[in-house]
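Undergrad: Before we start, here is the structure in question, set down as structure tokens.
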Amino acid sequence: MRIIGIICVCLSVVGCGVLCNRRRRRREAFLSGFASYFGALGVTCVSLGGSVDRILRGSAADGDGRFPFPGTLLALYAQTGDLCAAWNGALAQIGAAETLTAEEAALLSSFASAFALPSMAAFTEECNGYAARFSDFAERACEKRRREEKLTVTFTSLLAVLVFILLI
């Protein structure tokens, strides 16, 4: 029975490392998803133009379905009719504030004001700026994840072995 308890403790230590890696991967996926979405918004604005509803639907159609934000935003916008409220509600629903840093979450929230810009050219420029900024965030997150992934797995494995040796 003691060996089973030791094995459970060791597995839980390794599990903590795996959870850290998942959290980093989720953050990276969010950042790259937002970078792609802002890029799609900018391209759709140039190619389709027209109403905000048309632009949102066109940019949501460009996604591959793995990033939940565009669909959530469209659903909330259809319910409320208020784009700023729908934007912030969609961010809350997908858990962006819990996954991203405070700076990244604040930057995402601030994009809601871009829908009030007076011209399509200004909106497109804003979308392209956000796309570049989030692409940079995603690249840095990817580099950090790769660098820390090996360390996390190595240290949690060594800690699990140390716990195993100490408890035997």
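Residue 161 in my numbering sits at position 69 of the sequence shown, with consecutive numbering throughout. C-beta: ideal position from N, C-alpha, C; glycine also.
Does the segment 139 to 146 come close enough to the segment 227 to 242 that 3 or more CB-CB pairs lie under 8 Å?
TA: No: fewer than three Cβ pairs fall under 8 Å.
Undergrad: In whole angstroms, give me the CA-to-CA distance for G131 and L200.
TA: 14 Å
Undergrad: When you compare each of R94, L166, L259 and R118 to E190 by their alpha carbons, which one comes out closest?
TA: R118
Undergrad: Could you check how far apart the C-beta atoms of S249 and V106 are, in whole angstroms? I think they sit under 8 Å.
TA: Rounded to the nearest angstrom, the Cβ distance from S249 to V106 is 6 Å, consistent with a contact under 8 Å.
Undergrad: Taking only three categories from DSSP, how would you classify L192?
TA: coil
Undergrad: May I ask whether a heavy atom of the ligand PLP can be found less than 8 Å away from the beta carbon of L140?
TA: No copy of the ligand PLP occurs in the structure displayed, which carries no ligand at all.
Undergrad: Taking the alpha helix (DSSP H) that A206 falls in, what are its first and last residues?
TA: Secondary structure note for A206: it is in no alpha helix (DSSP H), with a DSSP letter that is neither H nor E.
Undergrad: Do A230 and L133 have their C-beta atoms closer together than 9 Å?
TA: Taking a C-beta distance under 9 Å as the contact criterion, A230 and L133 do not qualify as a contact pair.
Undergrad: Whole alpha helix (DSSP H) runs in the segment 104 to 157 with 4 or more residues, listed along the chain?
TA: 144 to 153
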